[in-house]
Structures are given as structure tokens and as C-alpha cells.
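Novice: Residue numbers (this note's numbering): 162 to 723.
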């Protein structure tokens, strides 16, 4: 096998990430070393640590960093608590129903974060669903659930818990049934079996889920802005405010890098801490747990009840906000955030579908997503063949670089790209948006396509070669048709992720280039019209139908499997 094929196939995606990911990140590092903010000044200046000194010596910034870390830890803990029963439920689901059940995870995951945050507002509002239910049971309403840390934790858990579930599911599904049979033969109840068998074996998935959820939570600002009501602040909110409102990219860059360092420290601590419970992976004998009979009895009795409560809470948290958004789209209210059903109306759909209030923004979002998916697929396809078929030295390190956009704050890349577009004014803003969106969806497209390439039947290609088919003929007549389901799956997932992206896109939009999710978010920060719910309901239905179509070609439960 020619050793140069793998590196050559890896060049396109590596080059793109160097230009659209590493270069903006390098600009952020340079901007953070400026002594004074200069919105239109040069990138290269005499280095200074003034910005970092200001951040680390100011009690205000230190308190925001601490608040962000605590929010991240809380969301991570709640996501793990609710995610375990949901992942376990998906694993134990009969195969014929598992793909359908997976829609519980994928529909919220691929639905716009602004839409989900609006659903949480309707859930926690003074006249929202929770207070309506508590009123029916005779309990007094909870008037102050919104605009608190608790509301932000609930919203962020709803947004990021699917990533925890996917990480846990990937490990739980690979547990051999023979291990369960051995535990049962020794008299272990389902609760004890989970505690002593499934939980330890799922630690690698828990480690991945904990890291991903914390990193995403610590740099998010959309849900915190909508649900925090300026009473809750995160580093992501400060970066967005400094970069866009105050035009202080210097301080925004320094804040983004500080949060990046905090994230890297958390990765190291979480890895070291959880690895202590996974010494069996290095062949070290496990130490038996010394649990008293009374604790075993308590686990047997309370475990199933707690598991069911967490399972129903997780499903409700994922699905209910979306259902409330759909119901609210028919509600005759003056503002979108006004909870309580006051009357049926189709006025908001008329404004969207007939008057075309959001048509331009919708078309921009579609164009951006289509172009981004096209280039992401072109880059990911050769990379997936390099990973699946052509091993080469340094492949592991290169794969880590390709996956790096998942672990570094998107806001840092956005600040850097914003500065680059200010310097190179000849580059259209649409090109900058496409470059960033390709970076954001590439890790997912590469992962999905690599799985598809690994599942190809190589004997069919050998048969075609024995009949005289050239490399190009084999690719077009054998490989490409077999890859079509995987290409469709990767393209659809990439399209939905690009279409609903807000966190990074907000930094790079202009008055004439505003995507639909960014417009909804911008309006939600002030007085949101009820038309936002009608367009959100349309997006939810579109996502559901897209996943239903995808399910005809690829099993949904295998999309994110190894």
C-alpha cells in the first residue's frame, strides 16, 4: 500500500482548518496581547499582558469566571444525572423501536438553540406550564423561576444533555450481554448490576460527555442571555458584549483565551480524576467495593424509582419545550414570551408564510447551510478514506487537530475571524461565514463519513477491479452508490447544524446578511413578536420530517455510534 495516499487525502481538510480555524485563533492570541483596544489598528503590535492582568486582578471578571465555572459544573452534573437513565433506556429498547426512540435525542439536538430557549421560557414563566400544573394541585405558583441561575441551568441542560446521552450510549451499547448474564447468575438485581457493571464500564463515555458538556456550557451565551435576564452573566456573554457592542476585540480575545485555559485545565482534571476509576483499562485488577447490606437494600428499593423519575424528567425536559413552542405558535398573545393560552389564531403563520416577514433571513440560512455542507463534504470525504483505509504516521495527532473545534470555544474563533474580515475587506462576509460554518460541522461530517467508509464491502471493489474497472470507474459505480446513505446522513446533520447555528454566526452577520436564527435571537433579546414561535414551529416540523426521511436510509441510533 502506498504510504503517501493517506497524507495526500488529509491535505484539503488540514489546509482548510489552518486557514479558517488556526489563523483566527492565532489572531485572537495576538489581539489579547495588545495594550490598548484598537478596533481598526494593526494586528501585530508590541506584546503586553495588560489585558490579562486586568482580568485576573479585577473582582468583577474573577466573579464572572467563577460564576461560569459553577454553572458549567452544575449543568454537567445534572446532564449526567438525567443522561444515564435516558442512555440506558435507549440501549435496552428493542432494536425495532430503538431508531424511533433515538428521535427523542436527535430532534432537540438538531433544533435551534433559540427555539429551545423560548420553550424553556414558556415552561418556567409565571403563567407557564409548571405553574399551571402546580395550580391544579393546589400549590401556590412559583413566581420567580425565570431570570435565575436555576432557569439558566435548566435551559443549558436541555441544550447540552443530548451530547452526554450520546457519549454514554456509545459505551453502554458495547457492553457484552455475557457480562450482564454473569452478574445475574451471581444474584445481582438490575440496580446493583448497573452500579457494579454498567456504571464502571461506561466511565470512558462519562469522561467524554463531562468534558464536552462543560466546554460547551462554559462558552455559551444564547440561553444565558435569554433566561438570565442580565442577572446571570457568563464569560461568553462578556466576550459577545465586548466584541460587538463595545468594539473591544482586545479584551474579548483575552477573555476568550482565559476561558480556553480554564477549559483545558478542566479537561486535564476531569481526565486525571475519572481515569483513577478506570485502571482496569490498563490491566490493573479492580478493587472490590465494600458495600454494606443496608446500602444494597436501599439501592434496590430506591434505585428503580429514582431512575424512572430521572428518565421521565429527561424526556420531558427535551420534548416539552418544543411542544410548548408549537402550541404557542397558535396562541393569540401580544408578545411571544407571554405564557398562558388566550385564544386560537393563525395570524402568526399568515405573517410568516403570506407576508414573508422572515423570508430573506430564511433564504440566507438555507444558502449558507447548503454551501457549507457542500464544502464540508468535499473536504471530509477524502479525509474519511485516509482515516479508514490508509494508516500513516501522525494520523492520531492529525485527527485530534481535526476534532479540535469541538473542544475550543467557538466565540474565540468568531472574534478572530471578525478581525480578519475587518482587515481583508475584499473578502465578502458570506465567505467568512461559510469558512466558519465548515469548521464547526467538519468534525461531525468526518465522523459520520468515516463510519460509512469503514462499513464498505471491499470485495466488491476487488471484483470490479478484476473486471478491468479503473479507479475512477470503481469510485463512481461501486463506492459512491454504497456511500450515498452515509453522504445523505452527514449532509443532513451538517445542514441542520449549520442552519441553526447562532453562537458564532452572530459575530459575523451584517444588516444584509442576517440568518434566521440570529434574527430570532436578536429580537428575543428585546421584545419578541409571536411570529417567532410560528417560524420556530415550522423549523421543528422541518427537523422532524428531515430525521424521518433520514431514518428511511440510515438507522438513527447508528448515526453517532462508533
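Note that beta-carbon positions come from the ideal geometry of N, C-alpha and C, so glycine has one too.
Quantities reported herein were computed from a predicted structural model and do not represent experimental measurements.
1. What residue from 476, 682, 594, 288 has the CA that sits closest to residue 185's CA?
2. Please report the distance separating the alpha-carbon of residue 264 from that of residue 202.
3. Which whole-angstrom value is the C-beta distance of residue 651 and residue 639, which I expect to be below 8 Å?
4. In the structure shown, what three-state DSSP assignment does residue 522 receive?
5. Is it the case that the Cβ atoms of residue 280 and residue 486 are separated by a distance below 8 Å?
6. If you compare alpha carbons, which of 478, 284, 545, 408 is closest to residue 199?
7. What residue ranges within the stretch 475-561 form continuous alpha helix (DSSP H) runs of no fewer than 4 residues, ordered along the chain?
8. If contact is defined by three or more beta carbon pairs under 8 Å, each pair taking one atom from either stretch, is the stretch 628-646 in contact with the stretch 563-570?
9. So residue 701 and residue 483 are supposed to be a Cβ contact under 8 Å. How far apart are they, rounded?
10. To the nearest angstrom, report how far apart residue 193 and residue 415 are at their CA atoms.
11. Using three-state DSSP, classify residue 671 as helix, strand or coil.
12. When you compare only the Cα positions, how much space is there between residue 272 and residue 480?
13. Given that a residue counts as buried once 16 or more other Cβ atoms are within 10 Å of its Cβ, and exposed if not, what is residue 319?
14. If you drop the 5 nearest sequence neighbours on each side, which residues of the same chain put their C-beta closer than 8 Å to that of residue 421?
15. Examine the Cβ distances between the stretch 515-522 and the stretch 579-590 and report whether three or more of them are shorter than 8 Å.
16. Look at the alpha carbon of residue 513 and the alpha carbon of residue 531, and state the distance between them as a whole number of angstroms.
17. I'd like to check one pair, residue 466 with residue 353: are the Cβ atoms closer than 8 Å?
18. Grab me the residues of residue 401's own chain with a C-beta within less than 6 Å of its C-beta, minus the 5 sequence neighbours each way, in chain order.
19. Per DSSP, what kind of secondary structure is residue 587 in: helix, strand or coil?
20. By a C-beta neighbour count over all protein chains shown, 10 Å radius and 16 as the cutoff for buried, is residue 196 buried or exposed?
21. Within 10 angstroms of its Cβ, does residue 394 collect 16 or more other Cβ (buried), or is it exposed?
22. Helix, strand or coil for residue 212, going by three-state DSSP, please let me know.
23. Any beta carbon of chain C sitting closer than 8 Å to that of residue 570?
24. Would residue 316 and residue 369 be called neighbours here (beta carbons separated by less than 8 Å)?
25. Ignore the nearest five residues each way along the sequence and tell me which others in residue 577's own chain have a CB closer than 8 Å to its CB.
26. From residue 555 to residue 546, what distance separates their C-alpha atoms?
27. What is the rounded straight-line gap between the Cα of residue 710 and the Cα of residue 656?
28. Quick one, are the C-beta atoms of residue 302 and residue 295 less than 8 Å apart?
29. Could you tell me if the beta carbon of residue 235 falls within a distance shorter than 7 Å of some heavy atom in the ligand GTP?
30. By Cβ distance, which residues of its chain are closer than 8 Å to residue 307, with the 5 residues on each side in sequence left out?
31. Just reading off the alpha helix (DSSP H) that residue 724 is part of, what are its end residues?
32. Could you check which residue in 339, 322, 606 has the C-alpha nearest to that of residue 471?
33. Are three or more beta carbon pairs between the stretch 604-617 and the stretch 218-226 nearer than 8 Å?
34. Residue 319 by DSSP, collapsed to three states: which one?
35. Please work out which residues of its chain come closer than 6 Å, Cβ to Cβ, to residue 659, disregarding the five sequence neighbours upstream and downstream, and give them in chain order.
Specialist: Reading off the structure:
1. 594
2. 49 Å
3. Actually they are not in contact, since the Cβ atoms of residue 651 and residue 639 sit about 19 Å apart, beyond 8 Å.
4. helix
5. yes
6. 408
7. 508-514, 520-550
8. no
9. 5 Å
10. 5 Å
11. strand
12. 11 Å
13. buried
14. 569, 570, 573
15. no
16. 22 Å
17. no
18. 382
19. coil
20. exposed
21. buried
22. helix
23. The chain inventory of the structure shown lacks chain C, comprising one protein chain alone.
24. no
25. 184, 185, 186, 187, 188, 189, 192, 414
26. 15 Å
27. 14 Å
28. yes
29. The ligand GTP is not among the ligands present in this structure, which contains no ligands whatsoever.
30. 282, 285, 286, 287, 388, 390
31. Outside the displayed span of the chain (162 to 723) sits residue 724, for which this structure offers no information.
32. 322
33. no
34. helix
35. 530, 533, 598, 602
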